[in-house]
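Chemist: One gets the numbering used here by counting positions in the sequence shown from 1 and adding 8 to each.
Even glycine gets a Cβ: it sits at the ideal position worked out from N, Cα and C.
Quick caveat, the model's predicted, so the values are computed rather than measured.
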Amino acid sequence: MSDMYRPGPKIPDIALFENLPVAIYTCDKDGYITSYNRAAVRLWGREPEIGKDKWSGAWKLYYPDGMPMPIDECPMARAITQKKALEDEHIILQRPDGEKRNIASHPVPVFDDAGNLIGATNTYLDVTNDKHDEKQQAWLGAIITSSDDAIISKTLTGEITSWNRAAEKLFGYTAEEAIGRHISLLIPKERLAEEELIIGKIRNSESIDHFETYRRTKSGLEIPISLTVSPIKDGKGQTIGASKIARDISRQKHAEERLQRYAESLEILNSFGKVIAEDMDIQSILQKVTDATTQITQAQFGAFFYNQVNDKDESYTLFTLSGAPREAFEQFGMPRNTAVFDHTFKGQGIVRVDDITADPRYGHNSPHFGMPKGHLPVVSYLAVPVISNSGNVIGGLFFGHPERGRFTQEHEQLLTGIAAQAAVALDNAKLYEEIKVLNSKKDEFIGMASHELKTPVTSINGYLQIIDRNMPADDRNKPFINKTLNQVGKLTTLISDLLDVSKIQTGKLPFSYAHFDMAKLLEDVADVMGQTHTSHKIELTCHETALNVYADQQRIEQVIINLISNGVKYSPNSNRVLVCAEAAGNKIRVSVQDFGIGIDAEQHDRIFSRFYRVENLAAHMSGLGIGLYISHEIVSRHKGKLWLTSEPGKGSTFFFEIPADKQDV
């Protein structure tokens, strides 16, 4: 624009610009407003008074920094007083409603033909939106520059066009090194296909959120990142590139890995605890512990040493080994009571050393002063004491690896839990062995005592029968003899049962198989027991004509008698027991039902255990708890099963099934 407007002696007629969208107004040489168009009124938010308002129709004016601007310092005033045109003078005007607008003012003085100043015209360009965009761009630039996330832009062909400081920090390339190069600079070869996928989505104006992948740094290190990619569009809405936000998720990945390892450790401890808890063999437990812990720690080898020393206080006993042959240790003898091992066998905690050969406790004992030649190479060393509940150190788990720093704090934590479980399992196994010994002695005593009792009881029974036969029927002592014979019969049955228990424990309970009719056997037993148990009626509820079975008749009879006797004993308020035998496919099923006290469901699995008696029985209901145990063993030896259904207070029904045919037994 020229410094002067010289069309003639008059200021341009504002009517020419009345409908232009640009605000235009004029002043005379003294600064009074002489004309204005409608765009100027809309911008000012008011209509000035001709010849009264001076320099500008604005309600208030401010400098670009927001400070108030005196009206006589506005661009129009300065253009007139300085007699020169001003270009792109930025001011802020405020309307009466409080709204502020950013203005680019262009005042031009007007002269007549003689060169005399007669006034000026001023054009206002509303640049508020431009200013807002500039501010937004400035804010955006500041955000990008100061962001902790790497922010990168690229063209659709993959050329990097921008690169912030966080990208420099994350990937190691400076902006000068990265801008202009292809984005594949950061992509590992095996992941180049990802870029094609990303660009394909960007071309379709699709965004990609939190895509987890790996990218390569300047040093060649591959790091885990989370990518968010958005299309960049031009003013026409056409996609011209992509903006990438890359966040380093190394910490997150490490945390996830630690959480995963922690969950796996818990799973290992849980499953491992179950495995060794089910084992009662000490050798088996220790081998499982050694194998599992060697695998978990990824040690080259692992071993368990019992905490035993000889009379010279020199060595410990190797018990289990994993990852190396036993000969690898035996050719060098057992570890000696040295400073390296002392900490573990005194139960003073875990020892973890990245390089045992550099440890001050290492290499001070003759004759080897360290590891003997040919010994398994050990640099990384980890030792965990196994301590019983009583506080005694059972032994120690030892692990070695030829590389330095292979064992971690996580290994320590995991092995602490496993060692505690192993100690409990070993204590339990030891107790189990002791119980087995005691049970064996008890079974031996029961067998011997039963044999010793059987002979005199048999003699007593014989003598009593002789006395009974020779005694007159009207002898007043006759009833006492009969009662004594009855009690001797019970004692004989008890001794026979104890002998059977002893034989079952030693696997010497004899069986003699033959064909017989189960229906006939049941009828005979019910008849006899009905005569000896007069308080109850033994009712046969099934009437099969014949049920041929291949079994030991005497043993099966023993089972039936026991079930009926129990039915009578445990139903004192009833007067009947129901018995039934029937075919069930290729098996014979027998049931005995009483209407007595019943048995809680919690006790059903234990009822067939040796010496187990139903809880909360009345004091007069005596017994040793061996009848059902013997019955269960007899049925099991016939490849059958024995079970019950019961409802407390209403009674129980016991069932047993055995195969009918010889080939199934």
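#1: Can you give me the C-alpha to C-alpha distance between Pro-191 and Ser-170, rounded to a whole angstrom?
#2: To the nearest angstrom, report how far apart Glu-202 and Thr-221 are at their CA atoms.
#3: Tell me which same chain residues have a C-beta within less than 6 angstroms of the C-beta of Cys-588, skipping the five on either side of it?
#4: With 16 other CB atoms within 10 Å as the buried threshold, where does Leu-229 fall?
#5: Do Ser-113 and Ile-100 have their CB atoms nearer than 7 angstroms?
#6: If contact is defined by three or more beta carbon pairs under 8 angstroms, each pair taking one atom from either stretch, is the stretch 259-276 in contact with the stretch 236-244?
#7: Classify Asn-110 as buried or exposed, calling it buried when 16 or more other Cβ atoms lie within 10 Å of its own Cβ.
#8: Give the DSSP bridge partners of Ala-391, in chain order.
#9: Just how far apart, CA to CA, sit Thr-661 and Ile-569?
#10: Around the C-beta of Ser-213, are 16 or more other C-beta atoms found within 10 angstroms, so that it is buried, or is it exposed?
#11: Hey, how far is the Cα of Met-342 from the Cα of Lys-177?
#12: Roughly how many angstroms lie between the CA atoms of Gln-102 and Met-75, to the nearest whole one?
#13: Considering only C-alpha positions, which residue in the set Gln-268, Gly-425, Pro-196 and Asp-613 is nearest to Thr-653?
#14: In chain order, which continuous runs of the beta strand (DSSP E) of length 3 or greater are located wholly inside the stretch 514-587?
#15: Just reading off the alpha helix (DSSP H) that Gln-303 is part of, what are its end residues?
#16: Determine, using beta carbons only, whether Asp-608 and Pro-656 come nearer to each other than 7 angstroms.
#17: Pull up the distance between the alpha-carbon of Ala-271 and that of Ala-428, whole angstroms please.
#18: Between which two residues does the alpha helix (DSSP H) harbouring Arg-50 extend?
#19: Between the stretch 529-538 and the stretch 636-643, are three or more C-beta pairs nearer than 8 angstroms?
#20: Determine the direct distance from the alpha carbon of Asp-156 to that of Ser-234, and round the result to whole angstroms.
#21: Measuring CB to CB, does Gly-413 end up less than 7 angstroms from Phe-309?
#22: Take Arg-255 and list the residues in its own chain whose beta-carbon comes closer than 7 angstroms to its own, dropping the five residues that flank it on each side.
#23: For the alpha helix (DSSP H) containing Leu-636, name the first residue and the last one.
#24: Measuring CA to CA, which of Phe-603, Arg-597, Asn-574 and Gln-601 is closest to Val-622?
#25: Among all the DSSP beta bridges, which residues are the ones paired with Glu-665?
#26: So, at 6 angstroms on beta carbons, what are the nonlocal neighbours of Leu-499 in its own chain, with the 5 sequence-adjacent residues on each side left out?
#27: CB Pro-393 to CB Val-401, shorter than 7 angstroms?
#28: Just list the residues that DSSP pairs Lys-62 with in beta bridges.
#29: Leaving aside the five residues before and after Asp-362 along the sequence, list all residues of the same chain whose C-beta is less than 7 angstroms from its C-beta, in chain order.
#30: Using the rule of at least 16 other Cβ atoms within 10 Å of the residue's Cβ for burial, across every protein chain shown, is Ser-279 buried or exposed?
#31: Strictly by DSSP, which residues pair up with Pro-76?
#32: Out of curiosity, what's the CA-to-CA distance linking Asp-36 and Leu-69?
#33: Quick one: grab the DSSP three-state call for Glu-97.
#34: DSSP state of Leu-499, grouped into three classes?
#35: Give me the DSSP bridge partner(s) of Asn-130.
#36: Measure the alpha-carbon distance for Leu-650 versus Ile-634 and round it to whole angstroms.
Modeler: Well, looking at it:
#1: Position 183 of the sequence shown, counted from the start, is the residue given in the question as residue 191. Position 162 of the sequence shown, counted from the start, is the residue given in the question as residue 170. Residue 191 is actually Ile in this sequence, not Pro. A straight line joining the alpha-carbon of Ile-191 with that of Ser-170 spans about 11 angstroms.
#2: If you number the sequence shown from 1, residue 202 lands on position 194. If you number the sequence shown from 1, residue 221 lands on position 213. Near 9 angstroms, if we compare the C-alpha coordinates of Thr-221 and Glu-202.
#3: Along the sequence shown, one-based indexing puts residue 588 at 580. Same-chain partners within the cutoff: Thr-549, Cys-550 and Ser-599.
#4: Along the sequence shown, one-based indexing puts residue 229 at 221. Exposed, since its Cβ has fewer than 16 Cβ neighbours within 10 Å.
#5: Position 105 of the sequence shown, counted from the first residue, corresponds to residue 113. Position 92 of the sequence shown, counted from the first residue, corresponds to residue 100. No, Cβ-Cβ distance for Ser-113 and Ile-100 is not below 7 angstroms.
#6: The stretch 236-244 makes no contact with the stretch 259-276; the number of CB pairs closer than 8 angstroms stays below 3.
#7: Along the sequence shown, read from residue 1 onward, the residue named residue 110 stands at position 102. Around the beta carbon of Asn-110, a 10 Å sphere encloses 16 or more other beta carbons of the protein chains shown; the residue is thus reported as buried.
#8: Within the sequence shown, numbered from 1, the residue matching residue 391 stands at position 383. Partner(s): Val-359 and Phe-406.
#9: To locate residue 661, count along the sequence shown from 1; it is residue 653. To locate residue 569, count along the sequence shown from 1; it is residue 561. Thr-661 and Ile-569 have their C-alpha atoms some 14 angstroms from each other.
#10: Locating residue 213 in the sequence shown gives position 205, counting from the first residue. Looking at its Cβ environment, which holds fewer than 16 other Cβ atoms inside 10 Å, Ser-213 is exposed.
#11: By one-based count along the sequence shown, residue 342 stands at place 334. By one-based count along the sequence shown, residue 177 stands at place 169. Below a pLDDT of 50, predicted positions are generally treated as unreliable, and Met-342, at 47, falls in that range; no measurement from the model is reported.
#12: For this step, residue 102 is matched to residue 94 along the sequence shown. For this step, residue 75 is matched to residue 67 along the sequence shown. Approximately 12 angstroms, taken between the alpha carbons.
#13: Sequence index remark: in the sequence shown, residue 653 carries index 645 (1-based). That would be Asp-613, whose Cα lies nearest to the Cα of Thr-653.
#14: DSSP runs (the beta strand (DSSP E)) wholly in the stretch 514-587: 522-525, 545-548 and 556-559.
#15: Sequence index remark: in the sequence shown, residue 303 carries index 295 (1-based). That run of the alpha helix (DSSP H) goes 290-305.
#16: Taking the sequence shown and counting its residues from 1, the one referred to as residue 608 is at position 600. Taking the sequence shown and counting its residues from 1, the one referred to as residue 656 is at position 648. Contact: yes.
#17: Here residue 271 is taken as the residue at index 263 of the sequence shown, counted from 1. Here residue 428 is taken as the residue at index 420 of the sequence shown, counted from 1. So the two alpha carbons sit approximately 19 angstroms from each other.
#18: Here residue 50 refers to the residue found at position 42 when the sequence shown is read from its first residue. For Arg-50, the enclosing alpha helix (DSSP H) covers residues 46-52.
#19: The answer is no - the stretch 636-643 does not touch the stretch 529-538, with fewer than three Cβ pairs under 8 angstroms.
#20: Here residue 234 refers to the residue found at position 226 when the sequence shown is read from its first residue. Here residue 156 refers to the residue found at position 148 when the sequence shown is read from its first residue. Our two residues, Ser-234 and Asp-156, have alpha carbons roughly 13 angstroms apart in a direct line.
#21: Translated into the one-based positions of the sequence shown, residue 413 becomes position 405. Translated into the one-based positions of the sequence shown, residue 309 becomes position 301. The Cβ atoms of Gly-413 and Phe-309 do not sit closer than 7 angstroms to each other.
#22: As a position in the sequence shown, residue 255 is number 247, starting the count at 1. Residues of the same chain with a CB within less than 7 angstroms of the CB of Arg-255, apart from the 5 flanking positions on each side, are Asp-157, Ile-233 and Ser-234 in chain order.
#23: The count along the sequence shown starts at 1 and reaches residue 636 at position 628. Counting along the chain, the alpha helix (DSSP H) containing Leu-636 begins and ends at 635-645.
#24: In the sequence shown, counting from the first residue as 1, residue 622 sits at position 614. Relative to Val-622, the option among Phe-603, Arg-597, Asn-574 and Gln-601 whose CA is nearest is Asn-574.
#25: For the purposes of this step, residue 665 is taken as the residue at position 657 of the sequence shown. Paired residue(s): Arg-597 and Lys-649.
#26: For the purposes of this step, residue 499 is taken as the residue at position 491 of the sequence shown. Excluding positions up to five away in sequence, the list reads Val-465.
#27: In the sequence shown, counting from the first residue as 1, residue 393 sits at position 385. In the sequence shown, counting from the first residue as 1, residue 401 sits at position 393. Val-401 is positioned such that its CB atom lies closer than 7 angstroms to that of Pro-393.
#28: As a working mapping, residue 62 is identified with position 54 in the sequence shown. DSSP, once it has assigned bridges, lists Tyr-40 as partnering Lys-62.
#29: The residue you call residue 362 lines up with position 354 of the sequence shown. Counting only Cβ-Cβ distances below 7 angstroms, and skipping sequence neighbours, we find Ser-388, Arg-412 and Gly-413.
#30: Your numbering for residue 279 matches position 271 in the sequence shown. Ser-279 is exposed by the Cβ-count criterion.
#31: Here the question's residue 76 lines up with position 68 in the sequence shown. Pro-76 is bridged by DSSP to Tyr-70.
#32: What you label residue 36 is simply residue 28 of the sequence shown in a count that begins at 1. What you label residue 69 is simply residue 61 of the sequence shown in a count that begins at 1. Between Asp-36 and Leu-69, the alpha-carbon positions lie close to 20 angstroms from each other.
#33: Taking the sequence shown and counting its residues from 1, the one referred to as residue 97 is at position 89. Judged by DSSP in its simplified three-state form, Glu-97 adopts strand.
#34: Here residue 499 corresponds to residue number 491 of the sequence shown, with the count starting at 1. For Leu-499, the three-state secondary structure derived from DSSP is helix.
#35: Within the sequence shown, residue 130 is the residue found at index 122, counting from 1. In the DSSP output, where bridge partners are listed per residue, Asn-130 has Tyr-33 and Pro-115.
#36: The count along the sequence shown starts at 1 and reaches residue 650 at position 642. The count along the sequence shown starts at 1 and reaches residue 634 at position 626. Cα to Cα, Leu-650 sits roughly 15 angstroms from Ile-634.
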